[in-house]
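Visitor: Protein chains in written order, with the numbering used here: chain X, 400 to 890; chain P, 3 to 107.
Take a look at the following structure, please.
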């Protein structure tokens, strides 16, 4: 097995274990705190990752991402405030459990469920990613073009909220992605004569503005907690045998739902957790127990979101197509190091691929330890007032962006995006599809041009390739479904 | 071109949709918006001209105006500690070309 011969030796080097621990520790930290999402954390640490070896960088950023899924449930259970969006469902049954004095078992169950979900997800990555990569080796630019187009359209149509607004955000992201010199023709696009824009700008700036600054503005004076959290003792954590019996099947169902939605473009842990909850509700005859502290209602979505987080690495690492905004940012991190993820990644950079997967195991074991014996620490972190926290976050945003190029102009762009993002958020425009558009847009363009060169500009020749045709037809179906759906909505 | 046109068409479409619905005016978090904007802007203005320590101090002090509850002693302390800390990390440990206070350190 390559995992043991290549992966663990890489992941177990001191520096990688240290950064893996840093990633999951900070991930849990931001996950616990409402008002900072995993994506913001990934964006915040992105500038640091530029100084690291690419494998170490992805190990750390990955740790942040899945660590945040563990931490997020703590605030859901104790405060009825989701730490991250994908833990929102956990509030429904987690908070009632805490009100009944069963906060301890709820926290224990979510940690175990998260671990099971992550473990199943990682096993799937190990087996499916090499298979998918082998399949994708036959891909040419035409196939990439169509697969990425499908990803783009899915990002706009499948997400939460109004579909048409998501589509508009994808288009906006693509427009922003076009900024700079066109690599094929050397034409300046959307630069308006500003020299700093000639090379375009990195995704960090966009992510920091739209997620970091926007979230801070949105959370100030909205998040009030402090006194109402009690301490959770170790002894109170243990669930009853009855609880264990009840959560086994829901965890399996949750893992299945999560692993299905994780790699799909446009969906992700949040959608997976909501669907897992809905499925769980359907599977039980006594539906009215849900919402009143049913253990099944926290086990299933918590397994699902972690399974989805791990499996979302499959399309990113094997095809180079990010399924979610966080993965888009992570792809950006790899691109900075000059690594273009694709089907050859597993063969050409086995240390990176297997090292990252081995680090999933290490990181999740760290998380299990951090979240069960040390749960009291995280509960205490919930008491840090937000008024001290947000100046620190702002500070990290500023210095992080500044340190990229020593450019105050970049920080200025973050401010503009932040304010703009906040105004968009007020009007219910979700920023996540925009990030996917930003990363995928230029890639779609490049592959489209390449395949047009091969077919001598004949668009219909694309349909002669079976895989390309399938992707294009799927894209068309999604588009029609989206237009039909939004027409029905507006009626 | 195509993207620009698509944006405009989508924009008009969303506008029309919004027109036809009964609107709920979103609650506006104005004070934080202005304070965060001003704080970040002061960072941008100060970092190249005066250095990282005053820039971070200004960011934290101005940014803190957003909160309803104010506690000046702790905010000043936070600004002080954070600015020194970021200077230490960035210009001393990571050796980035940032000055602490121009002309002094």
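Cβ atoms here follow ideal geometry from the backbone N, Cα and C, with glycine treated the same way.
It should be emphasised that the depicted structure is a prediction, and the values quoted were computed from it without experimental measurement.
With a Cβ-Cβ cutoff of 8 Å, do residue 430 of chain X and residue 482 of chain X count as a contact?
Guide: Result yes, Cβ atoms of residue 430 of chain X and residue 482 of chain X sit closer than 8 Å.
Visitor: For residue 640 of chain X, count the other beta carbons within 10 Å of its own beta carbon; 16 or more makes it buried, fewer makes it exposed. Which is it?
Guide: Residue 640 of chain X is exposed by the Cβ-count criterion.
Visitor: Quick check: the region 739-747 of chain X against the region 713-721 of chain X, are at least 3 beta-carbon pairs closer than 8 Å?
Guide: Yes, they touch.
Visitor: CB residue 814 of chain X to CB residue 43 of chain P, shorter than 8 Å?
Guide: Closer than 8 Å, so yes.
Visitor: Helix or strand or just coil, what does DSSP make of residue 693 of chain X?
Guide: Looking at residue 693 of chain X - three-state DSSP - the assignment turns out to be coil, as it is neither helix nor strand.
Visitor: Are at least three pairs of beta-carbons, each pair with one atom in the region 855-873 of chain X and one in the region 542-549 of chain X, less than 8 Å apart?
Guide: Touching, yes, given that three or more Cβ pairs across the two stretches are closer than 8 Å.
Visitor: Name the residue from X/409, X/732 and X/542 whose alpha carbon lies nearest to the alpha carbon of residue 851 of chain X.
Guide: Ranking the options by Cα distance to residue 851 of chain X, first place goes to X/542.
Visitor: Rounded C-beta distance between residue 569 of chain X and residue 731 of chain X? I'm assuming under 8 Å.
Guide: 16 Å between Cβ atoms; not a contact.
Visitor: Taking only three categories from DSSP, how would you classify residue 637 of chain X?
Guide: Three-state DSSP puts residue 637 of chain X in coil, outside helix and strand.
Visitor: Considering only C-alpha positions, which residue in the set X/443, X/447, X/522 and X/491 is nearest to residue 706 of chain X?
Guide: Considering only alpha carbons, the answer is X/522.
Visitor: Are the C-beta atoms of residue 436 of chain X and some chain P residue less than 8 Å apart?
Guide: Residue 436 of chain X does not count as touching chain P.
Visitor: Along chain B, in chain order, which residues have C-beta atoms closer than 9 Å to that of residue 610 of chain X?
Guide: Here the protein chains are X and P, and chain B is not one of them.
Visitor: What separation, rounded to the nearest whole angstrom, lies between the Cα atoms of residue 882 of chain X and residue 564 of chain X?
Guide: Roughly 12 Å separates the two Cα atoms.
Visitor: With H, G and I counted as helix, E and B as strand and the rest as coil, what does DSSP make of residue 479 of chain X?
Guide: Reduced to three states, the DSSP call for residue 479 of chain X is coil.
Visitor: Which residue from X/477, X/833, X/540 and X/842 puts its Cα closest to that of residue 575 of chain X?
Guide: Checked all of X/477, X/833, X/540 and X/842; the closest Cα to residue 575 of chain X is X/833.
Visitor: Hey, is residue 794 of chain X's beta-carbon within less than 8 Å of any beta-carbon in chain P?
Guide: True, the Cβ-Cβ gap to chain P drops below 8 Å.
Visitor: Per DSSP, what kind of secondary structure is residue 723 of chain X in: helix, strand or coil?
Guide: Three-state DSSP puts residue 723 of chain X in coil, outside helix and strand.
Visitor: Would you say residue 797 of chain X reaches chain P, if we count a Cβ-Cβ gap shorter than 8 Å as a contact?
Guide: So, interface residue.
Visitor: Against chain X, which members of the region 53-86 of chain P pass a CB distance test of less than 9 Å?
Guide: Those residues of the region 53-86 of chain P that come within reach of chain X (Cβ to Cβ, closer than 9 Å) are 54, 57, 58, 61, 62, 63, 65, 66, 68, 69, 70, 71, 72, 73, 76, 77, 80, 81, 84 and 85.
Visitor: Measuring only the C-alpha atoms, how far is residue 46 of chain P from residue 826 of chain X?
Guide: The straight-line gap from Cα to Cα measures roughly 28 Å.
Visitor: Name the residue from X/470, X/532 and X/445 whose alpha carbon lies nearest to the alpha carbon of residue 769 of chain X.
Guide: For residue 769 of chain X, the nearest C-alpha among the options comes from X/470.
Visitor: Select from X/610, X/733 and X/571 the residue whose C-alpha is nearest the C-alpha of residue 554 of chain X.
Guide: Residue X/571 is the option with its Cα nearest to residue 554 of chain X.
Visitor: Near residue 420 of chain X, what residues of its chain come up, given a Cβ to Cβ distance below 6 Å and the 5 sequence neighbours on each side ignored?
Guide: For residue 420 of chain X, where only same-chain residues beyond five positions count, the Cβ hits under 6 Å are 765.
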